[in-house]
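The structure under discussion appears below in the form of structure tokens.
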Amino acid sequence: MKGQELLFLSFRFSNPIFSIPLAFSESILADLRIGHHAHCRPHFANIVEHHFSIYEYAFGLHFLQRLVIEQGLDVGFAFDGDADRCIAVDERGQVVDGDRILYLYAAFLQKQGLLGAGHVVTTIMSNMGLYRALDALGIGYEQTDVGDKYVYERIQQRGDPLGGEQSGHIIFAKYATTGDGLLTAIKVMQAMLAQKRPLSELHAGMVSYPQVLINVRVADKAAAAAHPQVVAALEAARAGLGTQGRILLRKSGTEPVLRVMCEAEDGDMAQRAADSVAAALRGSGMAVEG
């Protein structure tokens, strides 16, 4: 890699509490004698002005992608405020989310003979492309509900070495019991340096499926999910997708919202299926404005 240059970004640096991830990042890199640049994303007003989405707001990814490309860096890492999540950007400016990190590190463990019969523990929100890519390598996987606590419970039950979420919560069971963004960054660098390959090549074997997420606010999550009109729409959408995609209806754990998630080989197909279930929710009389 060219000079082993790295870029770390810690969002919400204006709050002293959130300066900790960046400080630790610089300390670790200095100890490892790896060249790096450290940046923090300007505060919320600038994010709003540039119309970043919520996902991009949390990690400042557009900002990071541009910096990695402009400065010719090997890799960039973005952390959320408390640095338990990490998303990477490869040397081409492509986002490497939690699913792709799981894929490339599982492949690395397999090549090193360290995976054995171990599986990769994911959540139901992981992209279908991850499962297809793991299948191609002959690597098994498990699915849990959303939340790294459920991921770790399954890791403990099975003794698996690796698990995580698309959002960037990655658990390396040998070293931690929960997501650790700084550890994740170090492990990604380990895979790059040990194999002497750019990050873009390490995750190229995973092709992500187009994914659509629609949130519908409801008065009663359980009643809305069980409404006959909604159940029928969900069954029809699944039948229409067949083996080309999947659709989920799940309850938010933090707000009165049902989340319709659909992914398929074709983005238009995914959108139509998700729209049909969301329309059924709104037409059932169970949805509320807000």
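So the sequence shown is residues 40 to 329, counted in the working numbering. Glycine residues also receive a C-beta, built at the ideal position from the N, C-alpha and C atoms. No experiment lies behind these values; they were computed from the predicted model shown.
Within 10 angstroms of the Cβ of residue i, are there 16 or more other Cβ atoms? Answer buried if so, exposed if not.
i: L153; result: exposed
i: P267; result: exposed
i: Y144; result: buried
i: V114; result: buried
i: V107; result: buried
i: A175; result: exposed
i: E130; result: buried
i: V185; result: buried
i: Q195; result: exposed
i: T293; result: exposed
i: A156; result: exposed
i: A271; result: exposed
i: D199; result: buried
i: A122; result: buried
i: G177; result: exposed
i: A303; result: buried
i: G203; result: buried
i: A146; result: buried
i: A230; result: buried
i: A411; result: There is no way to answer for residue 411, as the model of the chain reaches only from 40 to 329.
i: N54; result: The predicted model places N54 with a pLDDT of 35, which falls under 50 and marks its position as unreliable; any figure quoted below should be read in that light. Result: exposed.
i: F98; result: With a pLDDT of only 49 at F98, under the threshold of 50, the placement of this residue in the model should not be trusted; the figure read from the coordinates follows. Looking at its Cβ environment, which holds 16 or more other Cβ atoms inside 10 Å, F98 is buried.
Can you list, in chain order, the residues of its chain whose CB lies under 8 Å from that of residue i, leaving out five sequence neighbours each side?
i: Y94; result: At Y94, the pLDDT of 42 sits below 50, so the modelled position is not reliable; the number obtained from the coordinates is stated separately. Contacts found: L100.
i: Y189; result: T162, T183
i: S291; result: N254, K260, L297, R298
In chain order, what residues of the same chain have a beta carbon less than 7 Å from the beta carbon of residue i, not counting five sequence neighbours either side?
i: L326; result: Just to set this straight, residue 326 is Ala in the shown sequence, not Leu. Cβ within range, chain order: V255, R256, V257, L320.
i: Q205; result: D136, G137, D138, M164, S165, N166
i: F91; result: Low confidence applies to F91: its pLDDT is 32, below 50, so where it sits in the model is not reliable enough to give any reading.
i: E328; result: none
i: I253; result: V299, A313, A317
i: Y214; result: L222
i: E109; result: none
i: Q133; result: S239
i: A264; result: L288, K290, L297
i: K150; result: none
Near residue i, what residues of its chain come up, given a Cβ to Cβ distance below 6 Å and the 5 sequence neighbours on each side ignored?
i: E181; result: H158, V160, R193
i: G179; result: H158
i: T216; result: Y191
i: V269; result: A319, L320, S323
i: C301; result: V251, I286, A309, A312, A313
i: G244; result: A172
i: P249; result: G306, A309
i: T223; result: C125, I209
i: F116; result: F47, C125, A127, A224
i: A212; result: I194, P200
Pull up the CB-CB distance for residue i and residue j, whole angstroms please, since I reckon it's below 8 Å.
i: L201; j: L148; result: 7 Å
i: D187; j: G218; result: 5 Å
i: R124; j: G207; result: 4 Å
i: I210; j: I140; result: Rounded, the Cβ-Cβ distance is 11 Å, inconsistent with contact.
i: V246; j: A127; result: Between A127 and V246 the Cβ distance is about 17 Å, and since that is not below 8 Å, they are no contact.
i: L103; j: Y142; result: About 20 Å; that fails the 8 Å criterion.
Original post:
Would you say the stretch 281-297 touches the stretch 310-317, given that touching needs at least three Cβ pairs under 8 Å?
Top reply: yes
**OP:** Say whether the stretch 221-239 touches the stretch 275-283, bearing in mind that this needs 3 or more beta-carbon pairs closer than 8 Å, one atom from each stretch.
**Re:** no
**OP:** Would you mind listing the alpha helix (DSSP H) stretches within the stretch 216-256 that are 4+ residues and don't spill past its ends, in chain order?
**Re:** 220-234, 238-241
**OP:** Enumerate, from N- to C-terminal direction, the unbroken beta strand (DSSP E) stretches of 3 or more residues contained entirely within the stretch 83-170.
**Re:** 114-118, 125-129, 159-162
Original post:
What are the uninterrupted segments assigned as beta strand (DSSP E) that are 3 or more residues long and contained completely in the stretch 292-324, given in chain order?
Top reply: 296-303
Subject >> Every unbroken beta strand (DSSP E) within the stretch 171-216, with a cutoff of 3 residues, ordered by chain >> reply: 180-183, 201-203, 209-211
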